[in-house]
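Reading the sequence shown from the start, the letters are residues -25 to -1, 1 to 299 in mature numbering (1 follows the signal peptide of the UniProt record, and there is no 0).
Ideal Cβ placement from N, Cα and C applies to all residues, glycine included.
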Amino acid sequence: MPAPSLGRRAALLGAASLLATPALAQRGWPAGRPIEIVVPFAPGGGMDAMARTVAPFLAAKLSGARVVVSNRPGAGGQLGTEAVANAAPDGFVLGACATPTVLSQPIERPVRWRPAELTYLAQVVEDPCGLFVRADSPLKSLPDLLAAARARPGDLSYGTAGIGGDDHIATLLLEEAAKVRLNHVPFNGTSQLLVPLLGGQLEVGAFNISEALPLLRDRAIRGLALASEARDPTAPDIATYREGGVDVVFSAGRGIFGPPGLPDAIRIAIEEAFAAIFADPAWTEAASRAGLPLKPLVGTAYRDAALGGEAALRALWSRRPWKE
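This is the structure in structure tokens:
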């Protein structure tokens, strides 16, 4: 990544002096400009829900701060991630981060970020991947789906929130383990695939359990399987992939990140705010209402978890490149 411009250096130095730790303790977050959390997908999906649920808590823990959420969908999350990765490192532009997408896209295509250079602030959610069908689908289980895929190689369609995202990677691992081939249909976010899924134009939706819960409760869709270690307590009737005969466990990590070079004073202030959020019973209650499967990690722990899957993704790319 190129060195910061003079303007970005000035912004960094100004923010660092303004937000030195004693100033934060005494005066709070600078007034005037809100903190923007960029969601790189369309409204209505799991990333959007996570960001909008956590935003008011972040504002409350950063005294004096205002936090807004904006959606910048496109290219499977690439456009919004690039906007954050190339923003001035002043703490006023943060992003909703999805793993493995933040790692998989640089493997697949030219992008304007390097995963190891981003500032990983806090993971909020770990959301198991799953496969879902309309309630009246003839597919009742993962074995049913695999039997249909073997009968119609490369024809049975499934939709995801984008190429190289967690649901796409999870389904590639399923195809590899079960020795089947499906027809991938990418969308710009999970909310975009629900219309054709519910309308019967799309046979299977690949998305996360938190995104499925409202439609499961309304009996509009049925879960075929979850790529989780054990059955999810929010949907105990949905079997795991392993119960369906396929040894695949995979989930989406969702959190908040900042641009490269975020000054320590700003980074520490935001990390401390997230630590306070995660200890707040009101947050736990709000997250439960929103159906967020929490797995909080802050700072270095989040960075290690986010970057830890890169080698496995590169190995998968060498066996089955996912560029389409």
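Under 9 Å between C-beta atoms of residue i and residue j
| i | j | result |
| --- | --- | --- |
| residue 306 | Arg242 | Because the chain is modelled from -25 through 299, residue 306 falls outside the range shown and cannot be assessed. |
| Gly51 | Asn163 | yes |
| Ala63 | Val44 | no |
| Leu288 | Pro75 | yes |
| residue 302 | Val99 | In the structure as shown, the chain begins at -25 and stops at 299. Residue 302 is therefore absent and cannot be evaluated. |
| Thr165 | Gly21 | yes |
| Gly139 | Glu92 | no |
| Asp141 | Ala73 | yes |
| Ala97 | Leu272 | yes |
| Phe225 | Ala145 | yes |
Extent of the continuous beta strand (DSSP E) run through residue i
| i | result |
| --- | --- |
| Ile231 | 226 to 233 |
| Lys36 | Note, Lys36: premise wrong, no beta strand (DSSP E); alpha helix (DSSP H) at 21 to 36. |
| Glu101 | 94 to 109 |
| Arg197 | 196 to 201 |
| Glu260 | Taken as a continuous stretch (DSSP letters only), Glu260 belongs to no beta strand (DSSP E), being part of the alpha helix (DSSP H) at 256 to 264. |
| Ser112 | First-last for Ser112: undefined, no H or E at that position. |
| Gly49 | Premise fails: Gly49 is in no beta strand (DSSP E) and is neither H nor E. |
Span of the alpha helix (DSSP H), counted from its first residue to its last, around residue i
| i | result |
| --- | --- |
| Ala58 | 53 to 60 |
| Ser185 | 184 to 192 |
| Ala290 | 285 to 294 |
| Pro81 | 76 to 83 |
| Pro118 | 117 to 126 |
| Ile144 | 141 to 153 |
| Leu269 | From DSSP, Leu269 is part of no alpha helix (DSSP H) but of the beta strand (DSSP E) over 269 to 273. |
Separation of residue j from residue i, as counted between CA atoms
| i | j | result |
| --- | --- | --- |
| Pro(-24) | Leu237 | Because the pLDDT of Pro(-24) is 41, which lies under 50, any placement of that residue in the model is unreliable, and the number read from its coordinates should be weighed accordingly. Between Pro(-24) and Leu237, the C-alpha separation is close to 15 Å. |
| Pro211 | Asp102 | 15 Å |
| Leu147 | Gly105 | 13 Å |
| Asp193 | Gly274 | 38 Å |
| Leu201 | Gly3 | 43 Å |
| Ala(-15) | Ala17 | Reliability fails at Ala(-15), whose pLDDT of 45 lies under 50, so the model's placement of it is uncertain and no value is given. |
| Arg27 | Tyr95 | 18 Å |
| Leu54 | Pro15 | 7 Å |
| Arg113 | Pro161 | It is Pro, not Arg, that sits at residue 113 in the sequence shown. Distance between the alpha carbons of Pro113 and Pro161 is about 23 Å. |
| Leu117 | Val155 | 12 Å |
| Ala24 | Trp297 | 27 Å |
| Ala250 | Asp222 | 34 Å |
| Leu169 | Arg87 | 30 Å |
| Val42 | Pro256 | 21 Å |
| Gly219 | Ala265 | 28 Å |
| Leu37 | Ala240 | 13 Å |
| Val149 | Asn183 | Looking at the sequence provided, one finds Leu at residue 149 rather than Val. Roughly 15 Å separates the two Cα atoms. |
| Pro9 | Ala40 | 7 Å |
| Gly198 | Leu188 | 10 Å |
| Gly284 | His143 | 15 Å |
Three-state secondary structure assigned by DSSP to residue i
| i | result |
| --- | --- |
| Pro171 | helix |
| Arg41 | coil |
| Pro238 | coil |
| Thr215 | strand |
| Thr209 | coil |
| Pro161 | strand |
| Ala280 | helix |
| Trp297 | coil |
| Ala181 | strand |
| Ala250 | helix |
| Ile12 | strand |
| Ala136 | coil |
| Ala71 | strand |
| Ala91 | helix |
| Ala244 | helix |
- request: Could you tell me whether the stretch 107 to 122 touches the stretch 279 to 296, using the rule of 3 or more Cβ pairs below 8 Å?
  value: no
message: With three or more C-beta pairs closer than 8 Å as the rule, is the stretch 166 to 180 touching the stretch 130 to 147?
response: yes
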